[in-house]
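Here it is, written out as structure tokens:
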């Protein structure tokens with residue numbers, strides 16, 4: 090008589106319980122980490138997010154190139170990447186964007 094090995098047991102468990110476990114894990118991650126939501130962005134929102142991503146990617150590529158930027162400025166840029174504009178304006182009040190009147 091042979092007993093199933095660990096891999097066979099794992100496959101069986103995954104087939105019978107994996108979907109439910111994955112769903113529970115996702116729910117806990119959403120609940121405790123506020124991530125994993127189904128955002129249902131429309132096309133315009135997706136395009137804006139892509140533009141935002143591309144701009145941040147370009148900023149990083151420029152910072153990682155042989156650019157002539159002081160360490161302080163480089164650090165400020167790195168620290169502010171991906172932050173909401175309101176947070177950036179609070180952290181760097183002297184650099185507030187000029188509002189058009």
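Numbering (the working numbering), first residue to last: 90 to 190. Built from N, CA and C at the ideal position, the CB exists for glycine as well. None of the values given here were measured: they were computed from a predicted structure.
- Contact between the segment 169-183 and the segment 140-155 is present: three or more C-beta pairs spanning the two stretches fall below 8 Å.
- According to the DSSP assignment, residue 94 belongs to no alpha helix (DSSP H), since it is labelled neither H nor E.
- Look at residue 170 here: in three-state DSSP terms it is coil, with no helix or strand label.
- Residue 143 carries a helical assignment under DSSP once its states are collapsed to helix, strand and coil.
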